[in-house]
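Protein chains in written order, with the numbering used here: chain R, 1 to 85; chain X, 1001 to 1255. Beta carbons are placed, not taken as given, at the ideal position from N, Cα and C, and that holds for glycine. Predicted model only: the values in this text are computed from it and were never measured. Everything below concerns the one structure shown next.
Structure below.
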């Protein structure tokens, strides 16, 4: 999956989970300050991403995530490195 | 005559404020003594003592003529168990009033108080929940308390409401609610004129005796706020609907 496709997928997820308008979801957008996520939302997001990628996300990997771009990096890394669980 | 009364009222206020902090020390000693003399577990005993002391404290404030207090439907709170208690937060006394009205409570307290000399002892003995816990641990601690039949008091604003403004809620309480499915008991607190509000100078005393009105409102069942597929959406809708509920209450109280 290309980065553009991933971003599109993430837009869908963020709209479904948090009603965030897709046009606000840019790689630079900050999840907590600009898109209004909180720490419990982040857990919901991780659960959703795990279900979609069928891979486990280590909590420490997601701790550093601040922006939409960071989420894309994290997912790309997962898809590249890990075999499906 | 106002200039005659003011020194007395101000003295009363300062004594009352000092009592909270020094009284914390007295309470801490009582808690330690109760370890020896009272049955039951440590947390239950401490919470019972806090409840009784706060009742006494409120009675004293009224007896000294420092405040007036009116409670609508207190029996609803007295019988409450395993509910979340949600309230707006105009004054420093709000938590004292709620804890005096509800026998078995749990609250989330800012972590700085664990370092306070007297109150720190109380926090540990009463087993309150620290606000700096990891989010998942915090929810787990809340769920355990609710399952245990305690009422979880939360002021969703996270701090006191500045006078003359409408409450602005944070989402934490809604996250706890949607995750634990606990019923939500709504309480509206009004204080006119504003007293012990955020940023109030220590020498301030209102020109009229502060009148606290505690209105115990409806209790929302989990079904009433879980109408959405996604928990995260349900939490957002809950914040919106309660914010407008408290805004309406605030407006009708002011008019």
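Would residue i pass as a contact of residue j if the rule is Cβ separation under 8 Å?
i, j, result
"residue 1095(X)", "residue 1153(X)", "yes"
"residue 1084(X)", "residue 1018(X)", "no"
"residue 1239(X)", "residue 1195(X)", "no"
"residue 1100(X)", "residue 1054(X)", "yes"
"residue 1131(X)", "residue 1109(X)", "yes"
"residue 1089(X)", "residue 1155(X)", "yes"
"residue 1246(X)", "residue 1006(X)", "no"
"residue 1151(X)", "residue 1080(X)", "yes"
"residue 37(R)", "residue 62(R)", "no"
"residue 1188(X)", "residue 1217(X)", "yes"
"residue 1215(X)", "residue 1072(X)", "yes"
"residue 1203(X)", "residue 1011(X)", "no"
Just confirm the distance between the C-beta atoms of residue i and residue j, as a whole number of angstroms; I'd bet it's less than 8 Å.
i, j, result
"residue 43(R)", "residue 1136(X)", "7 Å"
"residue 1185(X)", "residue 1219(X)", "5 Å"
"residue 1198(X)", "residue 1160(X)", "4 Å"
"residue 1162(X)", "residue 1243(X)", "Not a contact, Cβ separation roughly 15 Å."
"residue 1058(X)", "residue 1097(X)", "6 Å"
"residue 65(R)", "residue 74(R)", "6 Å"
"residue 1179(X)", "residue 1082(X)", "Not a contact, Cβ separation roughly 15 Å."
"residue 1077(X)", "residue 1102(X)", "5 Å"
"residue 72(R)", "residue 31(R)", "Not confirmed; about 12 Å, so no contact."
Just the C-alpha distance for residue i and residue j, rounded to the nearest angstrom, thanks.
i, j, result
"residue 1139(X)", "residue 1133(X)", "9 Å"
"residue 1120(X)", "residue 21(R)", "45 Å"
"residue 1107(X)", "residue 4(R)", "45 Å"
"residue 57(R)", "residue 1042(X)", "40 Å"
"residue 1052(X)", "residue 7(R)", "57 Å"
"residue 70(R)", "residue 1129(X)", "32 Å"
"residue 1234(X)", "residue 45(R)", "15 Å"
"residue 24(R)", "residue 35(R)", "8 Å"
"residue 40(R)", "residue 1113(X)", "24 Å"
"residue 1241(X)", "residue 1063(X)", "38 Å"
"residue 2(R)", "residue 29(R)", "19 Å"
"residue 1157(X)", "residue 1221(X)", "21 Å"
"residue 1091(X)", "residue 1015(X)", "17 Å"
"residue 1049(X)", "residue 47(R)", "42 Å"
"residue 1116(X)", "residue 1008(X)", "29 Å"
"residue 14(R)", "residue 26(R)", "12 Å"
"residue 1236(X)", "residue 12(R)", "18 Å"
"residue 1201(X)", "residue 1044(X)", "36 Å"
"residue 1148(X)", "residue 1075(X)", "20 Å"
"residue 1256(X)", "residue 1093(X)", "The displayed coordinates of chain X run from 1001 to 1255. Any statement about residue 1256(X) would go beyond what the structure contains."
"residue 1253(X)", "residue 1192(X)", "9 Å"
"residue 1251(X)", "residue 1118(X)", "39 Å"
"residue 60(R)", "residue 1171(X)", "24 Å"
"residue 16(R)", "residue 1144(X)", "30 Å"
Say yes only if the C-beta of residue i is nearer than 7 Å to one or more non-hydrogen atoms of the ligand PLP, and no if none qualify.
i, result
"residue 44(R)", "The ligand PLP is absent from the structure shown, which contains no ligand whatsoever."
Touching or not, the region 1205-1224 of chain X and the region 1057-1067 of chain X, by the rule of three or more beta carbon pairs under 8 Å?
The region 1205-1224 of chain X and the region 1057-1067 of chain X touch, with no fewer than 3 CB-CB distances between them shorter than 8 Å.
Pick out the complete alpha helix (DSSP H) segments inside the region 1071-1158 of chain X, 4 residues or longer, and give them in chain order.
Entirely contained in the region 1071-1158 of chain X, the alpha helix (DSSP H) runs reaching 4 residues are, in chain order, 1074-1078, 1094-1101, 1119-1126, 1135-1147.
Please determine if the region 63-81 of chain R and the region 36-54 of chain R are in contact, where contact requires at least 3 C-beta pairs separated by less than 8 Å.
Counting C-beta pairs closer than 8 Å gives three or more between the region 63-81 of chain R and the region 36-54 of chain R, which meets the contact rule.
Quick one: any contact between the region 1214-1229 of chain X and the region 1110-1127 of chain X, if contact means 3 or more CB pairs under 8 Å?
Contact between the region 1214-1229 of chain X and the region 1110-1127 of chain X is absent: fewer than 3 CB-CB pairs across the two stretches fall below 8 Å.
What residue ranges within the region 1181-1242 of chain X form continuous beta strand (DSSP E) runs of no fewer than 3 residues, ordered along the chain?
You should have 1184-1192, 1211-1220.
Counting only runs of 3+ residues fully inside the region 44-69 of chain R, write out the beta strand (DSSP E) ranges in chain order.
Along the region 44-69 of chain R, the beta strand (DSSP E) does not occur as any fully enclosed run of 3 or more residues.
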